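Chemist:
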Amino acid sequence: MSDSATNEAAASANAAVCEPAPTDSAEAALREDPAATGPRADCVLCGEPTVLPADQPGSTLCPTCAWQQAQRIACSG
């Protein structure tokens, strides 16, 4: 494989990774979808199941750990 082909492949791979997420994805990630079925994601801190689907992007937290994390952030200063 030539150097230019390798560089083009690397550039296309980086372009996919570096594309910004849609603006509504962050807000949508915080909303529970009651119609969602399938396996649920485990909390990354305690391992308990969350209300979020397993294919949810980002680190998933159960309600208890999310509340504790928000409390830690609010009190740091």
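In my numbering, each residue carries its 1-based index in the sequence shown increased by 572.
Even glycine gets a Cβ: it sits at the ideal position worked out from N, Cα and C.
Owing to the predicted nature of the structure, the values given are computational and were not obtained by experimental measurement.
1. Is the beta carbon of C615 closer than 9 Å to that of T609?
2. Could you give the distance in angstroms between the alpha-carbon of L624 and the alpha-carbon of R612?
3. Return the Cβ separation of C618 and C634 in integer angstroms, given the expectation that the two are a contact with Cβ distance under 8 Å.
4. Out of curiosity, what's the CA-to-CA distance linking I539 and E620?
5. In whole angstroms, what separates the C-alpha of G630 from that of C637?
Modeler: This is what the structure holds:
1. no
2. 6 Å
3. 6 Å
4. Since the first residue of the chain shown is 573 and the last is 649, residue 539 is not available in this structure.
5. 15 Å
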